[in-house]
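Enquirer: Have a look at the structure that comes next, please.
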Amino acid sequence: MNNSELLEKLKPIVANYAHNKEAIDDITEHTDFINDLKINSANLVDVVLDIEEEFGIEIDNLSMEKMLTVSAAIEIIEGKLKEKNDR
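Residue numbers (the UniProt record's numbering): 1 to 87.
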C-alpha cells in the first residue's frame, strides 16, 4: 500500500474527530492533527484506536506519542504493517 492509498484510508478516520472540517478537504502528508485539524489529545487516542482497527495493527505508546502529523501516522502504519507481514 503506497502513501496516497494510506492517506485516502486515513481521511475518513481523522474526519470523524477533526473540529476543522474544512481542513479535511486539503489534508496532505504535512497536515498536523492538532494545529491544522484541531483534533484534541483525547480524540487523538480515538484516532489511533480506529487506525489499529482499520489496519489490523497495534500501535505502542512510543509510536502513539510521535503520531502528530499525517506523515508520521503513515510512517508508523507502514512500519507496523511491515512488522505484521514479516511474522
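Cβ coordinates follow ideal geometry from the N, Cα and C atoms, glycine included.
Are the CB atoms of D46 and N16 nearer to each other than 9 Å?
Expert: Along the sequence shown, one-based indexing puts residue 46 at 46. Along the sequence shown, one-based indexing puts residue 16 at 16. For D46 and N16, yes; Cβs fall inside 9 Å.
Enquirer: So N61 is in the alpha helix (DSSP H); what residue range does that whole segment cover?
Expert: As a first step, residue 61 must be located in the sequence shown, where it is residue number 61. It spans 61–66 - the alpha helix (DSSP H) in which N61 sits, taken as one unbroken run.
Enquirer: Within 10 angstroms of the Cβ of M67, are there 16 or more other Cβ atoms? Answer buried if so, exposed if not.
Expert: Within the sequence shown, numbered from 1, the residue matching residue 67 stands at position 67. M67 is buried by the Cβ-count criterion.
Enquirer: For my contact list, K39 and V14 are in at a C-beta cut-off of 8 Å; report their separation, rounded to the angstrom.
Expert: Along the sequence shown, one-based indexing puts residue 39 at 39. Along the sequence shown, one-based indexing puts residue 14 at 14. Checking the displayed sequence, the identity of residue 39 turns out to be Ile instead of Lys. Confirmed, Cβ separation roughly 7 Å.
Enquirer: By DSSP, does D26 sit in helix, in strand, or in coil?
Expert: Within the sequence shown, numbered from 1, the residue matching residue 26 stands at position 26. Note: D26 maps to coil in three-state DSSP.
Enquirer: Suppose the cutoff is 6 Å on Cβ atoms and the five residues either side in sequence are ignored; what does the same chain contact list for A23 look like?
Expert: The sequence position of residue 23 within the sequence shown is 23, counting from 1. Contacts found: D36, L37.
Enquirer: May I ask which residues mark the beginning and end of the alpha helix (DSSP H) holding A42?
Expert: In the sequence shown, residue 42 corresponds to position 42, counting from 1. Taken as a continuous stretch (DSSP letters only), the alpha helix (DSSP H) holding A42 covers 41–55.
Enquirer: From E83 to I57, what does the alpha carbon distance come to, in whole angstroms?
Expert: Counting from 1 along the sequence shown, the entry for residue 83 is found at position 83. Counting from 1 along the sequence shown, the entry for residue 57 is found at position 57. For E83 and I57, the distance between alpha carbons rounds to 9 Å.
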